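Participant: Residue numbering for the sequence shown follows our numbering, starting at 5 and increasing by one per position. By construction, the Cβ of each residue, glycine as well, lies at the ideal position given by its N, Cα and C atoms. No experiment lies behind these values; they were computed from the predicted model shown. Here's a structure for you.
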Amino acid sequence: MSTEVRQPPVSRTAGAVTLLLVVVVALALRPPFTAVAPLLADIQRGLGASPAFAGVLTTLPVVCLGAFAFVAPHLRRRFGDERVLVGCLVVLLVGNALRAAGPAWTLLAGTVIVGAGIAVANVALPGLIKRDFPDSVALVTAAYTVCLTLGGAVAASAVVPIAGALDSPWRAPLGLLAVPVLVALLIGAVVLRRGAGVPPLPSSPGLLWRNPLAWQVTVFMGLQSAMAYVVFGWLPLMLQSRGMAPELAGLALGVQAGVQAVGSMLIPALCRRLRDQRPLVGVLVVFVVVGFTGIVLGPGGAWLWIFTVVLGVAQGGAFGLALTLFGLRAPDSDTTAALSGMAQGGGYLIAAAGPLLIGLVHESSGGWTAPLVLLLACCAGWLVAGMFAARPVQVPSVVDCETRS
């Protein structure tokens, strides 16, 4: 049984400003990653880059999300949530500028910098939500997740038309990704002028590495992320193998990303009503299995769109549930941030292997049936981890004993 550390309540005005900050930061976090894939062919042509370079460019963000997530709890303890988030936005501006500036090395360096900023912000936001909205974690997480999903979907859909309108194959569209970051930075400056919130308490995040529940949440996060990145990387080719035209397969990926907002809004909202989230895990796993199996082995034609939508709603719900568990499985904001750092750090490193393994199995087998078997095995592991992670229990507080009230 954990000892809960209660933070002083925030005023309505301060809460509204913080909520606005959460929303605008969430809208700015996904576009730097989702905008690259639609422009990848133009980037390769413009830089004379090899397919290997393209592979590094698409895999690097996931590795950065995992690697830099581990430092986020330490930065948060030293500087506080608001300062860390504003710092992440500044880092994003620098990274976006580098990516749009010139040669291949600045594109890669900018991607690493952008990945670092997004990774740290990803970890800090759940702790901020737990601190300022302790009784509405699921609801605020739902808003945060929906904004993440919509920001990524809009960027992926709009970046090619923007490139055509500006007569710039990729540099100008990547540079324009700084606009939502600037808006978020202005709101972050307002938050800092009002004064930073309650500083994090002295804590020992390493305690979670010895806790089974924390590992269960980490594996749940990692396996759902792995399947999500498999979809980002391979869904168009899966659909093309079933006879869908390339342009429609690209559109289907955009639809899949867009409908994730439905699941990412619905599932965290249901978490408010359910003390035990295991039934939600079961439903999501069934939907993901149906989606993948239908896309690979099911009937073609319009059914492929139905299976794609089913998969999108389920994966949006899975992502929303994973983020909600950070707050529900932790007794206080400091522990939430520590659990978020562990789960996202380990989880995204697991996820980075997903697209690579599926690609290797697809290449060796020459089809999509063998990769489907691997995905179904991943679903089985995800189900087991989820059934443990979604139990109505909490990890122990990482806040040092003498500071607890």
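How is V399 classed by DSSP in three states: helix, strand or coil?
Facilitator: Indexing the sequence shown from 1 puts residue 399 at position 395. If DSSP states are grouped into helix, strand and coil, V399 belongs with coil.
Participant: What does the Cβ neighbour count give for G324, buried or exposed, with the cut at 16 atoms within 10 Å?
Facilitator: Here the question's residue 324 lines up with position 320 in the sequence shown. The residue in question, G324, is buried, as its Cβ has 16 or more Cβ neighbours within 10 Å.
Participant: Could you check the C-alpha separation between D46 and P173 for me, to the nearest Å?
Facilitator: What you label residue 46 is simply residue 42 of the sequence shown in a count that begins at 1. What you label residue 173 is simply residue 169 of the sequence shown in a count that begins at 1. Between D46 and P173, the C-alpha separation is close to 6 Å.
Participant: Pick from A41, L274 and A322: whose alpha carbon is nearest that of A159?
Facilitator: Here residue 159 refers to the residue found at position 155 when the sequence shown is read from its first residue. A159 has its Cα closest to that of A41, out of A41, L274 and A322.
Participant: What is the C-beta distance between V144 and I133, in whole angstroms, given that I count them as a contact (C-beta under 8 Å)?
Facilitator: Taking the sequence shown and counting its residues from 1, the one referred to as residue 144 is at position 140. Taking the sequence shown and counting its residues from 1, the one referred to as residue 133 is at position 129. The pair is a contact, with the Cβ atoms about 5 Å apart (cut-off 8 Å).
Participant: Let me check understanding here. Comparing Cα to Cα, which of L378, P283 and G316 lies closest to Q260?
Facilitator: Counting from one through the sequence shown, the residue named residue 260 turns up at place 256. With distances taken between Cα atoms, Q260 lies closest to G316.
Participant: To the nearest angstrom, how far is it from the Cα of G351 to the Cα of T63?
Facilitator: Residue 351 sits at position 347 when you count from the first residue of the sequence shown. Residue 63 sits at position 59 when you count from the first residue of the sequence shown. Each residue's alpha carbon lies about 14 Å from the other.
Participant: Alpha carbon to alpha carbon, what distance is there between G91 and A120?
Facilitator: Your numbering for residue 120 matches position 116 in the sequence shown. Your numbering for residue 91 matches position 87 in the sequence shown. Roughly 11 Å separates the two Cα atoms.
Participant: Mind listing, in chain order, the continuous alpha helix (DSSP H) runs of no fewer than 4 residues lying wholly within the segment 310-360?
Facilitator: You should have found no qualifying run.
Participant: Please state whether the Cβ-Cβ distance between L217 and A393 is less than 8 Å.
Facilitator: Start at 1 with the first residue of the sequence shown, and residue 217 comes out as number 213. Start at 1 with the first residue of the sequence shown, and residue 393 comes out as number 389. Contact: yes.
Participant: Is D280 helix, strand or coil by DSSP?
Facilitator: The sequence position of residue 280 within the sequence shown is 276, counting from 1. Coil, per DSSP.
Participant: What span of residues does the alpha helix (DSSP H) with N100 cover, start to end?
Facilitator: Here the question's residue 100 lines up with position 96 in the sequence shown. Element bounds for N100: D85 to A105.
Participant: Within 7 Å: the Cβ of G226 and any heavy atom of the ligand ATP?
Facilitator: This structure does not include the ligand ATP; it has no bound ligands of any sort.
Participant: What does the alpha-carbon distance come out to for the pair L241 and C275?
Facilitator: By one-based count along the sequence shown, residue 241 stands at place 237. By one-based count along the sequence shown, residue 275 stands at place 271. Each residue's alpha carbon lies about 35 Å from the other.
Participant: Just to confirm before moving on: does the CB-CB distance between S368 and G131 stay below 8 Å?
Facilitator: Looking up residue 368 in the sequence shown gives position 364. Looking up residue 131 in the sequence shown gives position 127. Not in contact: S368 and G131 (Cβ atoms no closer than 8 Å).
Participant: Counting along the chain, where does the alpha helix (DSSP H) carrying V158 start and finish?
Facilitator: Counting from 1 along the sequence shown, the entry for residue 158 is found at position 154. Start and end: V141 to L170.
Participant: Distance, Cα to Cα, R175 vs V127?
Facilitator: Walking along the sequence shown from the start, residue 175 turns up at place 171. Walking along the sequence shown from the start, residue 127 turns up at place 123. About 29 Å.
Participant: Please return the same chain residues whose Cβ sits closer than 7 Å to the Cβ of L79, not counting the five positions on each side in sequence.
Facilitator: Counting from one through the sequence shown, the residue named residue 79 turns up at place 75. Cβ neighbours of L79 beyond the five flanking positions: V88 and V124.
Participant: Just mark D338 as buried or exposed, buried being the case when its beta carbon has 16 or more other beta carbons within 10 Å.
Facilitator: Counting from one through the sequence shown, the residue named residue 338 turns up at place 334. By the neighbour-count rule (16 or more Cβ atoms within 10 Å), D338 is buried.
Participant: Going straight from the alpha carbon of L95 to that of L361, what length do you get?
Facilitator: Counted from its first residue, the sequence shown places residue 95 at position 91. Counted from its first residue, the sequence shown places residue 361 at position 357. In the sequence as displayed, the identity of residue 95 is Val instead of Leu. If I take the Cα positions, the gap works out to 31 Å.
Participant: Go through its chain and collect everything with a Cβ distance to I299's Cβ below 6 Å, but skip five positions before and after it.
Facilitator: Within the sequence shown, numbered from 1, the residue matching residue 299 stands at position 295. Here the set comprises M242 and F311.
Participant: Quick check: what's the CA-CA separation for L332 versus R103?
Facilitator: As a working mapping, residue 332 is identified with position 328 in the sequence shown. As a working mapping, residue 103 is identified with position 99 in the sequence shown. L332 and R103: Cα-Cα distance of roughly 37 Å.
Participant: Measuring only the C-alpha atoms, how far is G99 from G70?
Facilitator: Residue mapping note: residue 99 aligns to position 95 of the sequence shown, counting from 1. Residue mapping note: residue 70 aligns to position 66 of the sequence shown, counting from 1. Cα to Cα, the separation comes out at about 18 Å.
Participant: Have a look at V223 and A169 and give me their C-alpha separation to the nearest angstrom.
Facilitator: Translated into the one-based positions of the sequence shown, residue 223 becomes position 219. Translated into the one-based positions of the sequence shown, residue 169 becomes position 165. Between V223 and A169, the C-alpha separation is close to 43 Å.
Participant: Using C-beta distances below 7 Å, list every residue in its chain close to P35, excluding the 5 sequence neighbours before and after it, in chain order.
Facilitator: Counted from its first residue, the sequence shown places residue 35 at position 31. So the qualifying residues of the chain are G155, G156, A159, L181 and P184.
Participant: Roughly how many whole angstroms lie between the Cα atoms of V164 and L51?
Facilitator: Working through the sequence shown from its first residue, we reach residue 164 at position 160. Working through the sequence shown from its first residue, we reach residue 51 at position 47. Each residue's Cα considered, the two are about 18 Å apart.
Participant: Does the segment 226-242 come close enough to the segment 378-398 to have 3 or more Cβ pairs within less than 8 Å?
Facilitator: Yes, since at least three Cβ pairs between the segment 226-242 and the segment 378-398 fall closer than 8 Å, the two stretches touch.
Participant: Give the single residue among G179, L129, M269 and G84 whose Cα lies nearest to the Cα of V118.
Facilitator: Within the sequence shown, the letter at position 114 stands for residue 118. Ranking G179, L129, M269 and G84 by Cα distance to V118 puts G179 first.
Participant: I believe L411 touches V26 by the beta-carbon criterion, under 8 Å. Please report the beta-carbon distance rounded to the nearest angstrom.
Facilitator: With the chain covering 5 to 409 only, the question about residue 411 has no answer from this structure.
Participant: Can you give me the start and stop residues for the alpha helix (DSSP H) that G192 sits inside?
Facilitator: Start at 1 with the first residue of the sequence shown, and residue 192 comes out as number 188. Segment A182 to R197, the alpha helix (DSSP H) holding G192.
Participant: Find the nearest neighbour of V66 within the set P107, T38, V75 and V187, judged by alpha-carbon distance.
Facilitator: Position 62 of the sequence shown, counted from the start, is the residue given in the question as residue 66. Among P107, T38, V75 and V187, the Cα nearest to that of V66 is on T38.
Participant: Give the C-beta separation of V141 and T328 to the nearest angstrom, bearing in mind that I take them to be a contact with Cβ-Cβ under 8 Å.
Facilitator: Residue numbering aside, residue 141 sits at position 137 when the sequence shown is read from its first letter. Residue numbering aside, residue 328 sits at position 324 when the sequence shown is read from its first letter. Contact holds; Cβ gap of about 7 Å.
Participant: Determine the burial state of R277: buried for a count of at least 16 other Cβ atoms within 10 Å of its Cβ, exposed for fewer.
Facilitator: The count along the sequence shown starts at 1 and reaches residue 277 at position 273. By the 10 Å Cβ count, R277 comes out exposed.
Participant: Can the beta-carbon of A53 be found less than 8 Å from the beta-carbon of A101?
Facilitator: Counted from its first residue, the sequence shown places residue 53 at position 49. Counted from its first residue, the sequence shown places residue 101 at position 97. No; because the gap between Cβ atoms is not below 8 Å, this pair is not in contact.
Participant: Under the rule that 16 or more other beta-carbon atoms within 10 Å means buried, what is R197, buried or exposed?
Facilitator: By one-based count along the sequence shown, residue 197 stands at place 193. Exposed: under 16 other Cβ atoms inside 10 Å.
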